[in-house]
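Have a look at the structure below, then the notes.
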Amino acid sequence: MLRIRLRAPGALVAGLFAGPALLLAQGTATAAPAAWVWSGSYGTASSAGTWDYVDHPEPDRWDVVFDGELTNSGGECYSTWFAVTYDLSMPVYAKAGTQCGPGTAPVHYSLASYGVGWNTNAYVTVCKGTTTRDDCAPLRWISTIWA
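With mature numbering (1 follows the signal peptide of the UniProt record, and there is no 0) as the guide, the letters of the sequence shown map in order to residues -31 to -1, 1 to 116.
Following this line, the structure appears as structure tokens:
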């Protein structure tokens, strides 16, 4: 699913015009939109969770944060890996959680996103083992994140 986040001066101008309209509008308050979902599985393990943008105090930066769980019903070890590409670069991989034997482990990965112009793609995979990506499910595309 394509997600776009832009920081532009035009948003300030649009906000100035939206203010009076909000005063005239009737209705009730609503909660912030829910985070987007991701998932992957391989062998006896499955991994799933949500991701969302998180503001950062640095100018022109925000983080993309992936949180979830890795559940394993078998006796071997499995790990969740995220892969990120910037424009046409090769994927950069990061292990985000491991579960050995039956049970559930937390999964967490944070990706820094800077400035305008990077076409960032995020993927997830589940691999057998704890240190390598030799035995994995195919990469599963999560989203294109336009910075």
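Yeah, the Cβ is synthetic: ideal placement off N, Cα and C, and Gly gets one too.
Since I believe residue j is in contact with residue i (beta carbons under 8 Å), could you give me their beta-carbon distance rounded to a whole number of angstroms?
i: T49; j: V93; result: 7 Å
i: G12; j: Y47; result: 6 Å
i: S10; j: V76; result: About 13 Å separates the two Cβ atoms, so there is no contact after all.
i: P55; j: W87; result: Here residue 55 is Tyr; the residue named in the question, Pro, does not match the sequence. Between W87 and Y55 the Cβ distance is about 5 Å, and since that is below 8 Å, they are a contact.
i: A14; j: N41; result: 4 Å
i: E45; j: T73; result: Not really, about 15 Å apart at Cβ, beyond 8 Å.
i: V53; j: T89; result: 6 Å
Need the endpoints of the beta strand (DSSP E) that residue i sits in, please.
i: A91; result: 88 to 97
i: A65; result: 61 to 69
Taking DSSP as the reference, what is the three-state secondary structure of residue i?
i: T101; result: coil
i: S8; result: strand
i: Y55; result: strand
i: S108; result: Looking at the sequence itself, residue 108 is Leu, so the reference to Ser does not match. Three-state DSSP puts L108 in coil, outside helix and strand.
Can you check the segment 14 to 53 for any beta strand (DSSP E) of at least 3 residues that lies completely inside it and give the ranges in chain order? 14 to 24, 30 to 41
Three or more beta-carbon pairs under 8 Å between the segment 17 to 25 and the segment 33 to 45, yes or no? yes
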